[in-house]
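Okay, so here's the structure we're looking at.
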Amino acid sequence: MDFAAANRGAFVILLVAAMMGASWLTGSMVIPDRLPTRPVIVTPEDDPAAPLPAGNVESGAILANAICSRCHSFTPSAQDTAGPSLFSVYGRPIGRQPGYTYSRGLASLGGQWDEARLNVWLRNPAAFSPGTRMSFRGLPDINGRADIIAWLKTLH
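Just so it is clear: in the sequence shown, position 123 is 144 by the working numbering, and no numbers are missing.
Here it is as structure tokens:
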């Protein structure tokens, strides 16, 4: 193959790639991506108003230590790390741990941490408080969330 043929082949590949990119860009502007406003199928676990099952404190301690201990402490005298201490979090005002700087969205929320709010938070922190610095993606298992909440209630 001579240089002219290789040059024409490279030009064709470049031209096809440019046309595909232009086509994708035009299509994405004409037909924007839209997420559904709510899930198509709502299961009891997706309903935030659904009552939590009874949690197992021992399972909650194991699960919380496996998931939460990377960024949170659980003892009264421990320093805040990447996240605030979770000791006495149940009943505490949301975004109000003394000495810890929360993200603006979480600090602006009112109310206290109760079962319902902890359930929604643990399911998907980014949906509960958009812009949160918490990198945890959430725990989809309702039984796991109930176990962690039952254990958090004992930390006083």
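Beta carbons: idealized from backbone N, C-alpha and C, even for Gly.
Being a predicted model, the structure only gives us computed values, none of them experimental.
Inset, instruction - Could you check what DSSP says for P146 in three-state terms: helix, strand or coil? - result: For the purposes of this step, residue 146 is identified with residue 125 of the sequence shown, where counting begins at 1. Note: P146 maps to helix in three-state DSSP.
Legend entry - Contact check, G159 vs P151, beta carbons under 8 Å: Taking the first residue of the sequence shown as position 1, residue 159 is located at position 138. Taking the first residue of the sequence shown as position 1, residue 151 is located at position 130. Cβ distance not < 8 Å, so G159 and P151 don't count as in contact.
Inset, instruction - Report, in whole angstroms, the separation of the C-beta atoms of I169 and L143, which I expect to be a contact under 8 Å. - result: Residue mapping note: residue 169 aligns to position 148 of the sequence shown, counting from 1. Residue mapping note: residue 143 aligns to position 122 of the sequence shown, counting from 1. Contact flag correct, Cβ pair sits at about 6 Å.
Inset, instruction - With distances taken Cα to Cα, identify the nearest neighbour of P114 among A103, S98, S94, R138. - result: Position 93 of the sequence shown, counting from 1, holds the residue named residue 114. Closest option to P114, Cα to Cα, is R138.
Legend entry - Among A103, L107, C89, nearest to T96 - alpha-carbon criterion: Taking the sequence shown and counting its residues from 1, the one referred to as residue 96 is at position 75. The residue with the shortest Cα to Cα distance from T96 is L107.
Legend entry - Expected contact under 8 Å - CB spacing of N140 and R166 to nearest Å: Residue mapping note: residue 140 aligns to position 119 of the sequence shown, counting from 1. Residue mapping note: residue 166 aligns to position 145 of the sequence shown, counting from 1. Beta-carbon to beta-carbon, N140 and R166 are separated by about 6 Å, close enough to satisfy the 8 Å threshold.
Inset, instruction - Using a threshold of 8 Å, state whether the C-beta atoms of S124 and T102 are closer than that. - result: Working through the sequence shown from its first residue, we reach residue 124 at position 103. Working through the sequence shown from its first residue, we reach residue 102 at position 81. Contact: no.
Legend entry - Uninterrupted alpha helix (DSSP H) stretches inside the segment 68-155 (no shorter than 4 residues): Runs of the alpha helix (DSSP H) inside the segment 68-155: 78-88, 125-129, 136-144, 146-149.
Inset, instruction - Give the secondary structure of L35 by DSSP, where H, G and I count as helix, E and B as strand, and everything else as coil. - result: Here residue 35 corresponds to residue number 14 of the sequence shown, with the count starting at 1. It is helical.
Legend entry - G120 classed as buried or exposed, judged by whether at least 16 other C-beta atoms fall within 10 angstroms: Indexing the sequence shown from 1 puts residue 120 at position 99. Label assigned to G120: exposed.
Legend entry - Nearest-angstrom beta carbon gap, N164 and P74 [assumed within contact, 8 Å]: Locating residue 74 in the sequence shown gives position 53, counting from the first residue. Locating residue 164 in the sequence shown gives position 143, counting from the first residue. With 8 Å as the limit, P74 and N164 qualify as a contact, their Cβ atoms being about 6 Å apart.
Inset, instruction - From the DSSP output, in three-state form, read off D168 for me. - result: Stepping through the sequence shown from its first residue, residue 168 is reached at position 147. Look at D168 here: in three-state DSSP terms it is helix.
Inset, instruction - Could you tell me the distance, in whole angstroms, from the CA atom of S44 to the CA atom of A25? - result: For the purposes of this step, residue 44 is taken as the residue at position 23 of the sequence shown. For the purposes of this step, residue 25 is taken as the residue at position 4 of the sequence shown. Between S44 and A25, the C-alpha separation is close to 28 Å.
Inset, instruction - Just the C-alpha distance for C182 and A71, rounded to the nearest angstrom, thanks. - result: Limits of the chain in this structure are 22 at one end and 177 at the other, which puts residue 182 out of reach.
Inset, instruction - Have a look at M155 and S80 and give me their C-alpha separation to the nearest angstrom. - result: Translated into the one-based positions of the sequence shown, residue 155 becomes position 134. Translated into the one-based positions of the sequence shown, residue 80 becomes position 59. Computed Cα separation, rounded: 23 Å.
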